[in-house]
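Report on the following structure.
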Amino acid sequence: MSTPGRPKSEYRSAQREGTPVSTPWVALRDVVEPRPGTLNPAAWPDDPFIYVDVAGVCNKQKAITGARTLKGAEAPSRARRQIRHGDVLVSTVRPNLNAVALVPESLDGEVASTAFCVLRATPAVLPQYLYFFVRSRLFVSRLCKLVAGALYPAVTDAQVLAQTLPLPDLQQQRRIVDLLSCAQSVLRLRRDIQKNTARMIPALFNDMFGNSMTNPKGWPVVPLGSLLRESPQNGLYKHKSAYGSGTPILRIDAFYDGEICDLTALKRLRLDDDEALRFALAPGDIVINRVNSPEYLGKSTLIPALAETTVFESNMMRLRLDTAQIDPRYMISMLQTQRAKQHIRANARRAINQASINQQDVKSMPVLLPPLARQGAFARCADATTAVIAKQAEALIAADATFEALLARVFQPMKAAAGTAASA
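Here the sequence shown is numbered in this note's numbering, starting from 1 and rising by one per residue.
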């Protein structure tokens with residue numbers, strides 16, 4: 001992997017080095033300020049402040065992405081940690097999720113939840129070095145071993161501060177930070193490319209067929225039920241005791257944005273021949289989620305070529321299209337449009353934390369019906385774009401693996417280095 005601004009030879013050399021054996025290991029509490037500071041926004045009830053809670057930290061991006069502006073009178077009881085630019089936030093709740101972040105300058109002086117352990121670097125350590133350390137598998141695995149509580153798994157600030165890290169001199173820390181920052185930049189670039197590439201199919205649909213809500217090109221609008229060659233089929237319910245081996249089953253967590261993520265990762269279950277025949281999926285089928293939380297209701301996917309018989313679970317329904325009228329690739333993109341989503345929301349039956357639609361709701365969905373040849377042209381472009389997206393996903397996986405390998409190399413324990421300070 002090449003990195004901007006750094007010769008390949010230097011990059012590879014840095015990968016080989018890791019942390020020198022002679023580097024001392026010290027407890028976090030020895031390199032951070034003991035009392036980062038507290039602040040109670042409720043003391044100023046009419047004044048706005050920015051609040052960072054655990055939900056506001058993205059554990060994928062390792063960054064604060066959801067800070068909220070509140071008035072002092074609205075301050076939660078946990079809003080007590082005053083944060084500064086360069087602080088490292090470590091969530092003490094569910095440490096396996098590794099919700100950590102480096103506080104940007106824009107949040108200097110604001111307030112974070114007491115669910116964070118705030119690491120404020122002393123002159124002995126670079127804030128960015130601390131930030132990369134708390135992202136390492138070594139740090140996460142240590143905290144996971146200390147977790148207490150099944151319903152609310154958490155560690156204490158003292159347990160976080162007792163963790164040890166290698167502490168080279170500042171010059172070596174800067175070199176490590178530079179190396180990891182380069183790798184992180186590549187990873188972010190890959191994520192941005194993937195995100196932008198994924199927007200191409202909706203943009204192509206809008207360009208070829210117009211806005212689905214206003215239909216400016218004047219395409220005929222027909223109910224989805226008129227485009228099916230057989231009635232929708234609800235999926236299969238089996239007790240959890242039937243799971244473990246046998247036939248693959250498509251579940252709601254297996255697809256996103258109209259595409260199945262990984263067919264090889266599907267769960268398996270035991271079923272008889274009649275069930276396998278009745279609930280089998282075929283290439284070109286569409287499955288749509290009929291029971292879920294409101295935001296995921298109507299989630300759908302197009303079934304690709306299958307290596308073996310595969311069935312689908314009960315919270316979905318299967319649609320088999322009349323391909324003399326409609327192209328399946330066009331239809332799955334139609335289901336991702338605002339018009340389709342609005343129809344599902346309008347017809348949803350709501351209960352506590354759940355919503356549902358039935359077969360009639362799906363059959364009555366309005367569908368723009370351009371000429372089949374134009375649908376086919378769109379399908380070919382969409383398939384080519386999907387292939388590019390798959391390549392970008394592979395590149396992202398490789399970039400992520402490289403970054404994780406570098407973290408592991410830099411922060412690997414050497415010889416008899418202790419995991420936590422003895423006086424924790």
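Every residue, glycine too, gets a C-beta built ideally from N, C-alpha and C. Just so it is clear, the structure is predicted and the values come from calculations on it, not from any experiment.
Please list the terminal residues of the continuous alpha helix (DSSP H) segment that includes residue i.
| i | result |
| --- | --- |
| lysine 490 | A query on residue 490 cannot be resolved here, the shown segment of the chain reaching from 1 to 424 and no further. |
| leucine 130 | 127 to 133 |
| proline 153 | Neither: proline 153 is in no alpha helix (DSSP H) and is coded neither H nor E. |
Whose C-beta lies closer than 7 Å to the C-beta of residue i among residues of the same chain, with five residues either side of it excluded?
| i | result |
| --- | --- |
| glycine 376 | Asp327 |
| alanine 79 | Pro41, Tyr51, Val111, Ser113 |
| lysine 217 | Phe209, Gly210 |
| phenylalanine 49 | Pro41, Leu70, Gly72, Glu110, Val111 |
| glycine 37 | Gln82 |
Hey, quick one: how far does the beta strand (DSSP E) through residue i stretch, first residue to last?
| i | result |
| --- | --- |
| valine 367 | 366 to 368 |
| glutamine 440 | A query on residue 440 cannot be resolved here, the shown segment of the chain reaching from 1 to 424 and no further. |
| leucine 138 | That residue, leucine 138, is in no beta strand (DSSP E); its alpha helix (DSSP H) goes 137 to 146. |
| alanine 112 | 111 to 113 |
| arginine 80 | 79 to 82 |
| alanine 101 | 100 to 102 |
| tyrosine 243 | 243 to 250 |
| serine 91 | 88 to 91 |
| leucine 224 | No beta strand (DSSP E) contains leucine 224, which DSSP labels as neither H nor E. |
| leucine 165 | 164 to 166 |
| leucine 119 | 116 to 119 |
By Cβ distance below 6 Å, which residues in the same chain neighbour residue i in space, the five residues on each side in sequence not counted?
| i | result |
| --- | --- |
| methionine 208 | Phe378 |
| arginine 84 | Asp108 |
| leucine 39 | Gln82, Val111 |
| cysteine 117 | Val90, Thr92, Asp157, Val160 |
| threonine 65 | Cys58 |
| lysine 299 | Asn289 |
| proline 45 | Gly72, Ala73 |
| glycine 284 | Pro328 |
| histidine 343 | Met365 |
| phenylalanine 205 | Ser333 |
| phenylalanine 403 | Ala183, Leu187 |
| asparagine 347 | Ile357, Asp361 |
| arginine 120 | Val32, Glu33, Pro36, Asp87 |
| proline 294 | Ala355 |
Less than 8 Å between C-beta atoms, sequence neighbours within five positions excluded: which residues of the same chain meet that for residue i?
| i | result |
| --- | --- |
| asparagine 315 | Gly235, Ile252, Asn289, Arg290, Val291, Asn292 |
| valine 221 | Asn215, Pro366, Val367, Leu368, Leu369 |
| isoleucine 247 | The sequence given here has threonine at residue 247, not isoleucine. Within the same chain, threonine 247 has close Cβ partners Arg268, Leu269, Arg270, Leu271, Ala276, Glu308, Thr309, Thr310, Val311. |
| lysine 363 | Pro223, Leu224, Gly225, Leu228, Pro232 |
| proline 153 | Val93, Arg94, Pro95, Asn96, Val147 |
| tryptophan 219 | Phe209, Gly210, Leu368, Leu369, Pro370 |
| valine 177 | Leu126, Gln128, Tyr129, Phe132 |
| tyrosine 237 | Glu313, Ser314 |
| alanine 305 | Pro283 |
| lysine 341 | Gly298 |
Please look up how many angstroms separate the CB atoms of residue i and residue j, rounded, as I've assumed it's under 8 Å.
| i | j | result |
| --- | --- | --- |
| alanine 265 | threonine 309 | Wrong, their Cβ atoms sit about 17 Å apart, outside the cutoff. |
| lysine 62 | valine 100 | 6 Å |
| isoleucine 193 | alanine 382 | Not a contact, Cβ separation roughly 18 Å. |
| valine 88 | leucine 102 | 6 Å |
| aspartate 400 | leucine 187 | 6 Å |
| valine 155 | proline 95 | 6 Å |
| glutamine 338 | serine 212 | 6 Å |
| glycine 258 | glutamine 336 | 6 Å |
| isoleucine 286 | leucine 263 | No, isoleucine 286 and leucine 263 are not in contact; Cβ-Cβ is about 16 Å, not under 8 Å. |
| threonine 301 | phenylalanine 255 | 4 Å |
Item to complete: List in chain order: all unbroken beta strand (DSSP E) runs of 3+ residues lying wholly within the stretch 259 to 329.
Response: 267 to 269, 286 to 289, 300 to 302, 316 to 319
Item to complete: Tell me the start and end of each unbroken beta strand (DSSP E) in the stretch 9 to 74 that is at least 3 residues and wholly inside, in chain order.
Response: 25 to 27, 48 to 52, 68 to 71
Practice prompt. Could I get the ranges of all uninterrupted beta strand (DSSP E) runs contained in the stretch 333 to 369, with 3 residues as the minimum, in chain order?
Written response: 349 to 351, 354 to 356, 366 to 368
Fill in: At least 3 beta-carbon pairs within less than 8 Å: the stretch 149 to 167 vs the stretch 22 to 38
yes
Discussion item. Pairs of beta-carbons, one from the stretch 269 to 283 and one from the stretch 353 to 370, closer than 8 Å: are there three or more?
Written reply: no
Item to complete: For the stretch 322 to 336 and the stretch 388 to 408, state whether three or more C-beta atom pairs, one from each stretch, are separated by less than 8 Å.
Response: no
Fill in: Three or more C-beta pairs below 8 Å linking the stretch 127 to 147 and the stretch 401 to 412
yes
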